[in-house]
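Colleague: Sending over a structure as structure tokens; questions will come in a sec.
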């Protein structure tokens, strides 16, 4: 039963999310947490692992959730399910692309979808900040100054040095986390 559920959930996520991996986060969060597969904290940990491993974020997340719920077969089913809709849609679009983009209404529709993606990603960022910096609720006593400091340093580096390798940023974040949470806790 879990395999059919994994297929349904991740196929739906892959089918109805426009904008790529990060735009899938709200749907993944909604489906996985509401079904009781993972707590919000566990899902945030899976997001961190998915982001720091090679490959597309949403595919990595699907693989991790699938493995957690159904072992290796669950991981395979969740992974294939999340990429299958895109694969099918791209095959169809590739066949008709030249005819597809010449219609003004299609261009308008695509232009209307772009801001939605930005809004969905912004909502995820705000949610991640609340979960990881503010402890889930806005209470100053649970405010994580270390996490805010690490976010600030990494954001500053990324904005200041646009060609900075993401691998370096991930490694630096991990080192800062070890240093500040283990050796110099505030």
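Numbering (the working numbering), first residue to last: -10 to 175.
Backbone N, C-alpha and C fix where the C-beta goes; we use that ideal spot for every residue, glycine too.
#1: Measure from the alpha carbon of residue 139 to the alpha carbon of each residue in 153, 154 and 159, then state which is nearest.
#2: Taking all protein chains shown into account, decide if residue 107 is buried (16 or more other Cβ within 10 angstroms of its Cβ) or exposed.
#3: State whether the region 60 to 74 contacts the region -8 to 9, with contact taken as three or more CB pairs (one from each stretch) at a distance under 8 Å.
#4: Between the alpha carbons of residue 116 and residue 15, how many angstroms are there, rounded?
#5: Is the separation between the beta-carbon of residue 90 and that of residue 57 shorter than 9 Å?
#6: Could you tell me if residue 30 is buried or exposed, where buried requires 16 or more neighbouring beta carbons within 10 angstroms of its beta carbon?
#7: Excluding the five sequence neighbours on either side, which residues of its own chain have a C-beta within less than 8 Å of the C-beta of residue 65, listed in chain order?
#8: Could you check how far apart the C-beta atoms of residue -8 and residue 62 are, in whole angstroms? I think they sit under 8 Å.
#9: Which class does residue 116 belong to by DSSP, given the choice of helix, strand or coil?
#10: Tell me the rounded alpha-carbon separation between residue 177 and residue 155.
#11: According to DSSP, simplified to helix, strand and coil, what is residue 60?
#12: Hey, out of 152, 105 and 25, whose CA is closest to residue -6's CA?
Modeller: In short, the structure shows the following:
#1: 159
#2: Result: exposed.
#3: yes
#4: Their backbone Cα atoms lie some 9 Å apart in a straight line.
#5: no
#6: Answer is exposed; the Cβ neighbour count stays below 16.
#7: 55
#8: 7 Å
#9: helix
#10: Look at the range of the chain in this structure, -10 to 175, and you will see that residue 177 is not part of it.
#11: helix
#12: 25
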